[in-house]
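A.B. asks:
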Amino acid sequence: MDQAEEMEEIIVVGSGICGLATALSLHRSHFSPPEQVSLSGQMVGVRLISLVLARSSEKLPSTYNGHMTYGLLTASNKKYHSDMCREGGETRCLRRSDLITSLAESLPPATIRLGCQILSVLIGCDGANSVVADFLQLKPPKLLPSSEVRGFTKFANGHDFGNEFVQVWGDHSIIGRITVDNNLVYWFVTLKVNPRVSVVAKDPELIRQLALESIKGFPAELVSMITKSDRESLSLACLRYRAPWEILLGSFRKGTVTVAGDAMHAMGPFLGQGGSAGIEDAIVLARCLAQKMHEIDHVKTSGRQVMISPHKVGEAFDEYVKERRMRLVWLSTQTYLCSLLVKPSSFLVGFVLTS
């Protein structure tokens, strides 16, 4: 990452999944033939997803073909099963660090910078505590009455879990397990907010102890999985969300400034769709911008900079927000309902999580 005092035409704030995906989508759409971008815009998405899977292929064994099943066990021993790919497509679990590395390495040199001054367009992909969202006068995300412990466990001799996402719901906590490959498993424990969270979050061993205390009485294989987890992978965080009605009614554009990813729609992790939604934002945003830039009568190019019309950028951002709004309202509503479920043994859990 370079530090520079430069004037840039378009600035993407944030170098997480959504920020890098947005930068890559803009880069790819800039080099796509205008007819491909203006007609469908799908080339950006196809190339982006293909890139991610290609760069991660060595971490995804051939037996993991993207077909994943979902299993839910509640405290009352009720079971739900679902095919996560019943409508086609793929479902895979990727490590966030692998995804970010793949995206960052695919960007042109010196794309990621510090100290840039904004000349025209600003896209805030700077997370739940977004300063760009503050500029747009969006309400800050609210705290859910839950926190989450996350970690990885590596099985040197392999595991027999298969390509399945499993959740076990207890009276006061939820544990989830999803396989990354034949040796690596990602897991999480969702629990009530602990008053010591700020202290516990600084010590991996305290995090492990908190997770184990929260799943007493759960299946032994899950307890063993957490006990043997990678110490350095453990994290604890409070969960934040932007309410569905705020997404439905919110104004996510002011002039040539907008937001994407968690800055726009922070949501609980109950559906595992936060990162995917951010990538969707990136693809739609790049397509809308590319279409409007193609309509500009006069484009002045100077080196790497392209002088663009603020009016056209505003129109592109409006189309982006309009296209994304109802999709995000639905996702945020599902996650919000999950956060409200006090008794996860109810039928509503199975409906919300498998719909």
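Residue 9 in numbering that gives the first Met the number 0 sits at position 10 of the sequence shown, and the numbers go up by one each step. All residues carry an ideal CB built from backbone N, CA and C; glycine is no exception.
What is the DSSP secondary structure of Pro-309, counted as helix, strand or coil?
C.D. replies: Looking at Pro-309 - three-state DSSP - the assignment turns out to be helix.
A.B. asks: Rounded to the nearest angstrom, what separates Phe-160 and Thr-178 at their Cα positions?
C.D. replies: Rounded to whole angstroms, Phe-160 to Thr-178 spans 7 Å at the Cα level.
A.B. asks: Against chain D, with Cβ distances strictly below 8 Å, would Pro-139 count as a contact?
C.D. replies: Among the protein chains of the structure shown there is no chain D, as only one such chain exists.
A.B. asks: So, are the CB atoms of Leu-235 and Val-196 less than 8 Å apart?
C.D. replies: A contact, by the Cβ cut-off of 8 Å.
A.B. asks: Assuming Asp-229 and Thr-152 are in contact, meaning their beta carbons sit under 8 Å apart, how far apart are those beta carbons, in whole angstroms?
C.D. replies: With 8 Å as the limit, Asp-229 and Thr-152 qualify as a contact, their Cβ atoms being about 7 Å apart.
A.B. asks: Just grab the DSSP bridge partners of Trp-186 for me.
C.D. replies: Gly-150, Arg-176.
A.B. asks: Quick check on this structure: which residue in Cys-287, Lys-291, Ala-262, Leu-247 has the alpha carbon closest to the alpha carbon of Trp-329?
C.D. replies: Minimum Cα distance to Trp-329 is reached at Leu-247.
A.B. asks: Candidates Val-120, Tyr-185, Ala-315: which alpha carbon is nearest Gly-150's?
C.D. replies: Nearest option by C-alpha distance: Tyr-185.
A.B. asks: What three-state label does DSSP hand Ala-315 in the structure shown?
C.D. replies: In this structure, Ala-315 counts as helix in the three-state DSSP scheme.
A.B. asks: Taking 8 Å as the threshold (C-beta atoms), are Arg-286 and Ser-28 in contact?
C.D. replies: Result yes, Cβ atoms of Ser-28 and Arg-286 sit closer than 8 Å.
A.B. asks: Who are the near neighbours of Ser-39 in its chain, counting only those whose CB is closer than 6 Å to its CB and skipping five residues on each side?
C.D. replies: With a pLDDT of 34 at Ser-39, under the threshold of 50, the predicted position of this residue should be treated as unreliable, though the coordinate-derived value follows. The answer is none, since no qualifying residue turns up.
A.B. asks: Buried or exposed for Leu-288, going by 16 or more other Cβ atoms inside 10 Å?
C.D. replies: By the 10 Å Cβ count, Leu-288 comes out buried.
A.B. asks: In the stretch 123-148, which residue ranges form an unbroken beta strand (DSSP E) of at least 3 residues, counting only runs that do not cross its ends?
C.D. replies: Taking only runs of at least 3 residues, no beta strand (DSSP E) segment lies wholly in the stretch 123-148.
A.B. asks: In angstroms with no decimal places, state the Cα-to-Cα distance between Asp-125 and Ala-262.
C.D. replies: About 6 Å.
A.B. asks: Going by the DSSP bridge assignment, what does Lys-253 pair with across the sheet?
C.D. replies: Bridge partners of Lys-253: Val-256.
A.B. asks: Kindly identify the DSSP beta-bridge partner or partners of Ala-236.
C.D. replies: Ala-236 pairs with Glu-147.
A.B. asks: Since Val-131 and Leu-143 should fall inside the 8 Å C-beta cutoff, what is the C-beta to C-beta distance between them, to a whole number of angstroms?
C.D. replies: With 8 Å as the limit, Val-131 and Leu-143 do not qualify as a contact, their Cβ atoms being about 23 Å apart.
A.B. asks: So, for Ile-278: in the same chain, excluding its five sequence neighbours on each side, which residues have a beta-carbon less than 6 Å away from its beta-carbon?
C.D. replies: The answer, listed in chain order, is Ala-20.
A.B. asks: Run through DSSP, which three-state label would Gln-208 get?
C.D. replies: It is helical.
A.B. asks: Give me whichever residues DSSP pairs with Ile-10 in a beta bridge.
C.D. replies: According to DSSP, Ile-10 bridges with Leu-121.
A.B. asks: Which residues in the same chain have their Cβ closer than 6 Å to the Cβ of Arg-46, if we skip the five residues on either side of it in sequence?
C.D. replies: Because the pLDDT at Arg-46 is just 46, under 50, the model does not fix this residue reliably, and the value given afterwards should be weighed accordingly. Cβ neighbours of Arg-46 beyond the five flanking positions: Arg-27.
A.B. asks: Could you please give the first and the last residue of the uninterrupted beta strand (DSSP E) stretch that includes Glu-163?
C.D. replies: Counting along the chain, the beta strand (DSSP E) containing Glu-163 begins and ends at 163-168.
A.B. asks: Can you tell which of Asp-180, Ser-172, Phe-251 has the C-alpha that lies nearest to the C-alpha of Thr-189?
C.D. replies: With distances taken between Cα atoms, Thr-189 lies closest to Ser-172.
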